[in-house]
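For reference, the structure is listed below as structure tokens.
There are 4 protein chains.
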Amino acid sequence: MKNVRYSTILSNVGTCCDRYLSSGYSDPFTTDQMFDRAAGIENITGVELVANWHISNDNIEQIKENLDRTGLKLVSIIPDHFGQKKWGKGAFTSKNPSIRREAVSHTIEMMDIAAGLGCDLVSLWPGQDGYDYYFQADYIEEHGWFEEGVKECCRHRNDVRVAVEYKIKEPRNRSYPSNIGSTLLMVKEINEINCGVTIDYGHAMVAYENVAESVAILKKYGDKLFHVHMNDNYGYWDDDMMVGSVNMVSYIEFLYWLKTTDYKGWISMDQYPYREDGQKAVNESVKWLSALNEVVDRMDMKEVKNIIKAGDATESSKMLRKYIFPNT
Amino acid sequence: MKNVRYSTILSNVGTCCDRYLSSGYSDPFTTDQMFDRAAGIENITGVELVANWHISNDNIEQIKENLDRTGLKLVSIIPDHFGQKKWGKGAFTSKNPSIRREAVSHTIEMMDIAAGLGCDLVSLWPGQDGYDYYFQADYIEEHGWFEEGVKECCRHRNDVRVAVEYKIKEPRNRSYPSNIGSTLLMVKEINEINCGVTIDYGHAMVAYENVAESVAILKKYGDKLFHVHMNDNYGYWDDDMMVGSVNMVSYIEFLYWLKTTDYKGWISMDQYPYREDGQKAVNESVKWLSALNEVVDRMDMKEVKNIIKAGDATESSKMLRKYIFPNT
Amino acid sequence: MKNVRYSTILSNVGTCCDRYLSSGYSDPFTTDQMFDRAAGIENITGVELVANWHISNDNIEQIKENLDRTGLKLVSIIPDHFGQKKWGKGAFTSKNPSIRREAVSHTIEMMDIAAGLGCDLVSLWPGQDGYDYYFQADYIEEHGWFEEGVKECCRHRNDVRVAVEYKIKEPRNRSYPSNIGSTLLMVKEINEINCGVTIDYGHAMVAYENVAESVAILKKYGDKLFHVHMNDNYGYWDDDMMVGSVNMVSYIEFLYWLKTTDYKGWISMDQYPYREDGQKAVNESVKWLSALNEVVDRMDMKEVKNIIKAGDATESSKMLRKYIFPNT
Amino acid sequence: MKNVRYSTILSNVGTCCDRYLSSGYSDPFTTDQMFDRAAGIENITGVELVANWHISNDNIEQIKENLDRTGLKLVSIIPDHFGQKKWGKGAFTSKNPSIRREAVSHTIEMMDIAAGLGCDLVSLWPGQDGYDYYFQADYIEEHGWFEEGVKECCRHRNDVRVAVEYKIKEPRNRSYPSNIGSTLLMVKEINEINCGVTIDYGHAMVAYENVAESVAILKKYGDKLFHVHMNDNYGYWDDDMMVGSVNMVSYIEFLYWLKTTDYKGWISMDQYPYREDGQKAVNESVKWLSALNEVVDRMDMKEVKNIIKAGDATESSKMLRKYIFPNT
């Protein structure tokens, strides 16, 4: 892919906590510091902001100033549907109708803020929408609520795209937009031109997806890939590690399919460097992705296509080997 | 559920093999013997047949005679898209167009045989449709082939329903109809009234589905649950164990949702009793399901609905406890 | 098991947080309130305390008072090797030798406090001892450090037992005492009479252990089961759910093996009721365990032994069915 | 590693079957043909034979002739404890004492045959030793039987080493030598100098092991790594794919630890190329391993050691990136 653009979620260059060390694994950074840290990473030219963590109605000027100062482009806003007590039992699918209303109104507010900052994307991560136990949810009703809520957001303004990011679990034991199939099913039911999908690489892997196939499926059913979040993991949990630390070949196929489906969006980092310096961790991911993209750029696209069409895995293996280790 | 009807796949009362012991864990049974063994299980009143393993154009009379003799109802035929060398690299999605044609023509043939035997269902298990390695498949093209092929089968005759059974892997490392979402997406694209879904309990669990939710989703998006296959596993692989040997509460919620969505089909056993007597193993599953169905029948449906609507997991837990262990 | 004694970790009746909602899913409770809440649960007669979260050199009097007031027995202290920044990259296996020293000295301090409060057990959960990435640790050296550190603690005083609680991952992507085998290997290398193992039910399940087998193995290799932590999960992650919410039969076998190996310790709850009332959640777990223990008490031990010796799974299934659903 | 020697299990260049296609995915090869195919792979200089599948008392001359003709070294014999009906419910841990005797006598026979063919290793894969269901096994007794049986084999003659290959499941749902910890525990209990461990890369990964760490642990606890079997998988199941098709970095760390622990054994391929030509599939694995070994050979061992000791994952990432993609 030529002209690939890399961005990062702002908190990736901040500090991380978990349920055992809720005060954080390192000292916090201010928003201004995080902007500087993000801007200091080679090839990072955009930033994603999480509502309440980074942006709200109260600090728009500060954000504008940071964007101006650093020259970073605002790539998306991630509304907050997961980080406050009120969302604990669901946002779009809360059993409390006033919380459901709030999920919509907060999203709409963030769409307006995004538009005001020259950004045309909100990426919804409905992490609390789902359930934990058997006999705890009316699945039909709650899937319906999710679709209604997101549809209302989409209709608010069509110059801002609304991308739904799926995840099979965490923080709920079972989430509603759980994998590429269940999410696309809802996106098709919502049936708005500005409604699409954000693929988080690690989320997809935990759902045992081959992310390249997920990219292809989104192309097939309506060109619905709006955004991607990058990280790596060991396959069982959203470890949010640096790109390339576990997997490699799967990224190459993913990047190949981004190229062949003509993806034009950003490639954004979404990591949790609990025990690492976040700036260095994002830098590593971008450097790995650049190296892997360079492999894809070296590929003879016709040869690759023929190998795919033939389907002989020993030929696929040989081709990959030659591109990664040319001397073998 | 009143009037619940139990059936079994015929080979469940036969012998099993695996890749290390391909000659089988026990001596084989003849088709006639398997019919007698199935009929000898209390509450089993129907049977499913696998094409080529049990039924083909060459033995229809023998099958008719067995059905008559035992009084078993033919519940479905499972066409063979997985058990011969020619299907090894795919049936509906084989890269060889003549194999794809054969996948359709074989299905159509089985639809006709089913109809001739008074059966209105074929359950497709496209186990070889998928891929194993990265860079081995054109996902867009192959999803399209699958939809085209199944659509053509559906259009052959509308008095036989065509149910697609999904599985996330095995025998391919990655299958196309992989989970409830990806399958329903294809079923909607196929868009034929007689096209629906078979849920295999164990397959759904390996895809980290809550099977009750999958039942609900099929209700929501077009009442597409046509058939169910029952077994149990440890969650990571299609172990095809007896029902109730690992899970219990999840079955209760599943049966509750079958009842509440007014499922009218059969509940069919689909197990691999490698080291057990198959007849006893099917008997155990039916007995467990009967006991669990009896729990559901004892439930105060309004109370359950209220608990679901409230969503307090400690109340769900208490309710389940009271129904299973009334004295606690 | 007659005379079974149930306890709970104090924070189980408090509030929970995770990495997205670090301020907690509900308002916090004071230590005094948590003691009252624990004591208010039927059949809970003991409590476990986490160092720093609940107990330290500074509040021993307050704890003593709470124990006296509520009549709860102090079952164990869990030293803090996971909840402060200094432990972020390891406690017993920190690459910083002074942190390793501190892991030992803190443990020793907690052993003394425990003894002073009439408690003979500390349960070590070395959650930060492990690593996240490839090429990040010298496994030989770090296993050695772990053994040396724990051995030194054990030698401090032999009237307090030191139990190592294993977990395959979280918060590190890979932990050192990871499963029953790796832990017992280290316990044998440590080779101190007061060194043993705490089984956390959910941790064992995520390591794909059958917990009953783990109990048996600890019996076989030196009677090393010192303590158990109870919770439930879906098999892939330490969901820390209420007992009985997912699994049931596995608990029965576990309790059977506790009985048959003559386990005399406490059965302690260790849950994370993020969205539930913790008191009700612990109450449910105890009630489920009581019901399941009642099943074990009803068992004809000789019959069960014979069924185990015969190894026919259909007979095991039938037996369990009869004990759970006597009318089937 | 200089002087690394590659071998293959003979059936890797044959045909494969599974439970759905038990007659095999391709036409079979004769033993002679398989020897020629193995010998035709660049850098393959040794072969492993499976008892009964390839070698028995009846065809020793034929094997000798094949070894002579092809110049392949016999690396190990894998006794048959899994491929006949009699082993279906266990070999060393069968509840039938005469089967247990046979497991020992067959192993001893294979040790003698191995020695007669100039080979000093048998690699035991007790695939049927374990259980499937709860309440189906007396774990204490059966672990004991396993240790007794293997000990007796070891004592038969000390010029043949006996390596135990672990696997967490398949064909049993739960196996006894399940992971590195449980296996080493038994090996230490057996306590014979010629008793050690075979690591199968894929088996270890399905047990969520970092295989490099497993190598290190075997070094620490008695230098017990006797043999390795290579393949790749997606992490959840023993897919037995070509090396390098999914993972890459993990192999580099593994090869680094083989080097740093001074492993002197063979690196043997153990794959199931269901739908590939086995010869090409083994060739790919060897070529990938050669490329990855070349990376390790380029490494500055002191630099790597320092990075490991420092434990900063961003430095590990950078180092790996530089070695794989020198131009980034």
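First to last, the protein sequences are chains A, B, C and D.
By the count of numbering that gives the first Met the number 0, the first sequence reaches residue 327 at its end, each step adding exactly one.
By the count of numbering that gives the first Met the number 0, the second sequence reaches residue 327 at its end, each step adding exactly one.
By the count of numbering that gives the first Met the number 0, the third sequence reaches residue 327 at its end, each step adding exactly one.
By the count of numbering that gives the first Met the number 0, the fourth sequence reaches residue 327 at its end, each step adding exactly one.
Even glycine gets a Cβ: it sits at the ideal position worked out from N, Cα and C.
Small disclaimer: the values here were computed from a predicted structure and weren't measured.
Excluding its 5 nearest sequence neighbours in each direction, C/Tyr273 has C-beta neighbours in its own chain below 6 Å: Cys15, Tyr24, listed in chain order. A/Met33: member of the alpha helix (DSSP H) spanning 30-38, first to last residue.
Closer than 8 Å to the CB of D/Phe81 there is at least one CB belonging to chain B. The Cβ atoms of A/Asn65 and A/Thr29 lie no closer than 8 Å to each other.
Collapsing the DSSP output to three states places D/Asn282 in a helix. Judged by beta-carbon spacing, B/Val74 lies beyond the 8 Å limit of B/Leu123, meaning their Cβ atoms are not closer than that value. Using a Cβ-Cβ cut-off of 8 Å, B/Arg156 does not count as an interface residue toward chain D, since no Cβ of chain D sits closer than that to its own. In chain order, Ile167, Asn178 place their CB closer than 6 Å to the CB of D/Ala206, counting only its own chain and leaving out the 5 sequence neighbours on each side. Proximity of chain C to A/Arg274 at the Cβ level (cut-off 8 Å) is accounted for by Gly87, Lys88, Asp131, in chain order. Nearest neighbour of B/Met109 by Cα position, chosen from B/Arg68, B/Cys152, B/Asn326, turns out to be B/Cys152. Using a CB distance below 9 Å, the part of the segment 282-296 of chain C facing chain B consists of Asn282, Glu283, Ser284, Lys286, Trp287, Ser289, Ala290, Leu291, Glu293, Val294, ordered along the chain. Within the segment 88-167 of chain D, the beta strand (DSSP E) runs of at least 3 residues that lie entirely inside it are, in chain order, 120-123, 160-164.
Shown here for B/Pro96: not one same chain residue has a beta carbon closer than 8 Å to its own, the five before and five after excluded.
In terms of beta-carbon proximity, B/Arg320 lines the interface with chain C, with at least one pair separated by less than 8 Å. For D/Lys223, no Cβ of chain C is located within less than 8 Å of the residue's own Cβ.
Distance between A/Met229 and A/Ile266, taken at the CA atoms: about 7 Å. Counting the other Cβ atoms within 10 Å of the Cβ of C/Pro125 gives 16 or more, which makes it buried. Beta-carbon to beta-carbon, C/Val295 and C/Ile40 are separated by about 22 Å, too far to satisfy the 8 Å threshold. The beta carbon of A/Gln83 sits closer than 8 Å to the beta carbons of Asn51 from its chain, once the five residues preceding and following it are set aside; these are given in chain order. Residues of the same chain with a CB within less than 6 Å of the CB of A/Met33, apart from the 5 flanking positions on each side, are Leu9, Val12, Gly13 in chain order. Cβ proximity to chain D below 7 Å picks out Ile167, Arg173 from the segment 162-175 of chain C. Of the residues assessed, C/Lys223 falls on the buried side of the cut-off, its CB having 16 or more other CB atoms within 10 angstroms.
Around the beta-carbon of D/Asn305, fewer than 16 other beta-carbon atoms lie within 10 Å, marking it exposed. Chain C has no Cβ within less than 8 Å of the Cβ of B/Ala211.
C/Ile192 sits in coil when the DSSP states are folded into three classes, being neither helix nor strand.
Considering only beta carbons, the part of the segment 13-24 of chain C lying closer than 8 Å to chain A consists of Cys15, Cys16, Asp17, Arg18, Tyr19, Leu20, Ser21, Ser22, Gly23, Tyr24, in chain order.
Looking at the DSSP output, A/Val49 shares a beta bridge with A/Ile77.
At a beta-carbon threshold of 9 Å, none of the residues of chain D lie near B/Tyr262; the nearest stands roughly 28 Å away. Annotation: B/Phe34 has no Cβ neighbours in chain A at a cutoff of 7 Å; minimum Cβ distance is about 37 Å. Within the DSSP bridge table, the entry for B/Tyr5 names B/Ile43, B/Ile266 as partners. Secondary structure at A/Asn178: coil, using DSSP grouped into helix, strand and coil.
Residue pairing by DSSP places B/Met229 opposite B/Met268 in a beta bridge. Here D/Asn246 is buried, its C-beta having at least 16 other C-beta atoms within 10 Å. Membership of C/Thr327 in any alpha helix (DSSP H) is not indicated, and neither H nor E is assigned to it by DSSP.
The beta-bridge partner set that DSSP reports for A/Ile198 consists of A/Val227.
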